[in-house]
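Everything below concerns the one structure shown next.
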Amino acid sequence: MSIMYKSTRGGDEISASQAILQGLAPNGGLYVPTSIPALDKSFDELKEMSYQEVAYEVMKLYLTDFTDEELSMCVEGAYKKGKFSSDRVAPLHKLTDSAEVLELWRGPTCAFKDMALQ
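Encoded structure:
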């Protein structure tokens, strides 16, 4: 199934690669997927995967006009060892028996934006 993207302000549907290249839509809107695909992995399966493996599984659902090789190269380039201060990229830090915090500050600028901008 091919996922298409459309501006939040209406207009034509475009592919993921077109949306990425354009950034903002010509009408000033943000591109959003026209449908939300179902993840074909269970949470039990996902919790055993690395951050990179989970990123790949999610991205392949939304970036349907990219090849498996292209997606793998993007994930590897963005989240390879050494870019983040933790090999787990965004580790959970246990606060109590029932509360954990996701650490999104382990990138090069120590800010949550590193997760998207790498």
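Going by my numbering, the final residue of the sequence shown carries number 119, and the count climbs one at a time with no gaps.
All residues carry an ideal CB built from backbone N, CA and C; glycine is no exception.
From the DSSP output, which residues share a beta bridge with residue i?
i   : result
Y63 : Per DSSP, none; premise fails for Y63.
Y32 : S8
L93 : L103
I15 : Y6
L25 : L31
So residue i and residue j are in contact, right, with Cβ under 8 Å, and what is the actual spacing, rounded?
i    : j    : result
Q53  : V33  : Going by Cβ atoms, the distance from Q53 to V33 rounds to 25 Å, so no, they are not a contact pair.
K123 : E104 : Outside the shown range of the chain, which is 2 to 119, sits residue 123, and nothing can be said about it.
E49  : T35  : That pair is no contact at about 31 Å.
When you compare each of the options to residue i by their alpha carbons, which one comes out closest?
i   : options                : result
T65 : E104, L47, P38 and K42 : P38
V55 : A91, G12 and D13       : A91
A1  : M116, S51 and P27      : There is simply no residue 1 to check, as the chain begins at 2 and stops at 119 in what is shown.
I21 : E58, S43 and Y63       : Y63
L40 : M2, A112 and S99       : M2
With C-beta atoms as the reference, is residue i less than 8 Å away from residue j?
i   : j   : result
M5  : S16 : yes
L47 : M60 : no
S8  : G24 : no
K42 : E58 : yes
Exercise. State whether the region 84 to 95 contacts the region 108 to 116, with contact taken as three or more CB pairs (one from each stretch) at a distance under 8 Å.
Key: yes
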